[in-house]
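Written out below as structure tokens is the structure these notes cover.
In my numbering, the protein residues as written are 248 to 851.
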């Protein structure tokens, strides 16, 4: 139910409608996948491919000369992902002119890897034409990397230094195990910290997902139990528990990976199955009126839209054949260590203080609104203009246009008018290291995007959005938490926009026709048209605990969450708004969505 996630299916993470994300299955998203098909994986130098003043991709030049074998392979892959005939793709065409974004580029990177062409998402986003990609490959010098042992030792040293103030024996006792039973301890990522904090702040009413599917025919209970046990042994994220800690503002929570974790398949009502920090995931089989369902219930801190689909894929595979060979596992520790050293922290702080000039907001006290009543508005298939064509003509992503349109609508419906709109986004954040597309762990993070007063044309605003997205997504910037940004700048995010992606496993052919996760029941309720205020049941003890989290309770506001998903080939938009009633009333929420539809209907 949170916006701005990069989720890969359109579901919800609220307990009553069993979700989300941008995506995320909505992971987000959340993503949602990202989380969020935003150009989220490039260095600032990648703006060289953009117009110097506004960030719009330069008009494509017609490529000349003979095509090399490498260029032909790249063209074939781009054609496959963008659905553009190969003959229409020139060497100088930008991926943006082909309608691709950071989420679809993850697929491009994966397909190229199968052809033994190794380009990371970040490299593709930075070198966005076939000519530039081929040139990069031609000039690349294969530096001999440090040994795996050395890399692991460095990662371990960085992580150990970050948690040196934590008593490991006491921590093991707190999570209910012996110290010898602990495989790893490391800080949570910035995105995980947000998920855990908001879960506690809302008393478990958000960021706790229940992905429910109708089981096809009969199910082999023994095979399912063995497959789930094997999956838990294989993936460390399923043996992970969480603990909020104190003593260092840089480490607010840790994740403890257990060597073994007994977590058998449960049989009963998924809605009554409790998940918590020390028991954050459950697989539940339910028989209701003769109809069997299977549900994956878990805290959002365990997954994002991409990793969720990988978990489902591997469970399907192990259920079909326990001896199946699965993809090599990747280390989450390498990812976590990236943002922990002192140099990285200084770089992040410098950037964010420059991007968001500090305000006196730090001195302002924010009272948490009543969270017991929530506005829920969802309008399916709102007609809009031809956004896909408009984006290709402008040389920007569809997501940038959607965010620009939202900023205009938000300005038009908010009084007093503001010079800028600060929007929270979930970024998939999977380009830092090679092959992160197969990492079964949540890499997504939430960052604030500053959209300047939208007095210009929509395409002009979208160009600025795209330029800023590239800056925000640099490896040296994207690892900061919203709590860090608040502490450095005094700026808080009040509204999140989640651009959801419909890239489910079924759509990509990863789910078998008779698979366990073929028919989603969660999505049915998610897509229900509505404009209502609902009562929210939450755990008061969790909410009371959050009130004691100094530095987190001030940074994380009860937010407005807006979720957008293109449908009908980009000619219509599913749009939802979710917020505490005290923050946005039902009438105002409906007005915002109506104005957004009007802005988008003007696209040609």
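Beta carbons: idealized from backbone N, C-alpha and C, even for Gly. Every value quoted in this text rests on a predicted model; they were computed, and no experiment measured them.
When DSSP states are grouped into helix, strand and coil, residue 803 belongs to the coil group. Per DSSP, the beta bridge partners of residue 460 are 541 and 767.
Between the alpha carbons of residue 658 and residue 344 lies a gap of roughly 29 Å. Positions of the beta strand (DSSP E) runs, each at least 3 residues long and wholly inside the region 570-640, are given as 620-630 in order along the chain.
With contacts defined as CB atoms closer than 8 Å, residue 409 and residue 799 fail to qualify as a contacting pair. Contact between the region 693-712 and the region 405-421 is absent: fewer than 3 CB-CB pairs across the two stretches fall below 8 Å. Here residue 465 is exposed: its Cβ has fewer than 16 other Cβ atoms, across all protein chains shown, within 10 Å. The beta carbon of residue 542 sits closer than 6 Å to the beta carbons of 457, 459, 517 and 531 from its chain, once the five residues preceding and following it are set aside; these are given in chain order. Short of 7 Å from the beta carbon of residue 588, and not among the five residues preceding or following it, lie these beta carbons of its own chain, in chain order: 405. Under a 10 Å Cβ-count criterion, residue 661 is classified as exposed, with fewer than 16 other Cβ atoms of the shown protein chains found around its own Cβ.
Per DSSP, the unbroken beta strand (DSSP E) holding residue 490 starts and ends at 487-491. When rounded, the separation of the alpha-carbon atoms in residue 696 and residue 471 is 43 Å.
Under DSSP, residue 808 takes part in a beta bridge, and its partners are 743 and 825. Under the three-state reduction of DSSP output, residue 433 falls in the strand class.
The DSSP-derived three-state label of residue 330 is coil.
Just measuring C-alpha positions, the residue of 480, 512 and 355 sitting nearest residue 468 is 512. The C-beta separation of residue 847 from residue 632 comes to about 6 Å, placing the pair in contact by the 8 Å criterion. In this structure, the alpha-carbon of residue 788 lies about 35 Å from that of residue 474.
Boundaries of the alpha helix (DSSP H) around residue 649: 645-660. Residue nearest to residue 675 within the set 422, 487 and 552 is 552 (criterion: CA-CA distance).
Spanning the alpha carbons of residue 485 and residue 705 requires a straight line of approximately 44 Å. Between the C-alpha atoms of residue 435 and residue 332 there is a straight-line separation of about 43 Å.
Excluding five sequence positions before and after residue 649, the CB atoms of its chain that fall closer than 6 Å to its own CB belong to 746 and 811, given in chain order. Leaving aside the five residues that flank residue 583 on each side, the residues in its chain whose CB is nearer than 7 Å to its CB run, in chain order, 406, 433, 434 and 436.
When only Cα atoms are considered, residue 805 and residue 452 end up about 12 Å apart. In this structure the region 562-581 lies against the region 684-694, because at least three pairs of beta carbons, one per stretch, are closer than 8 Å.
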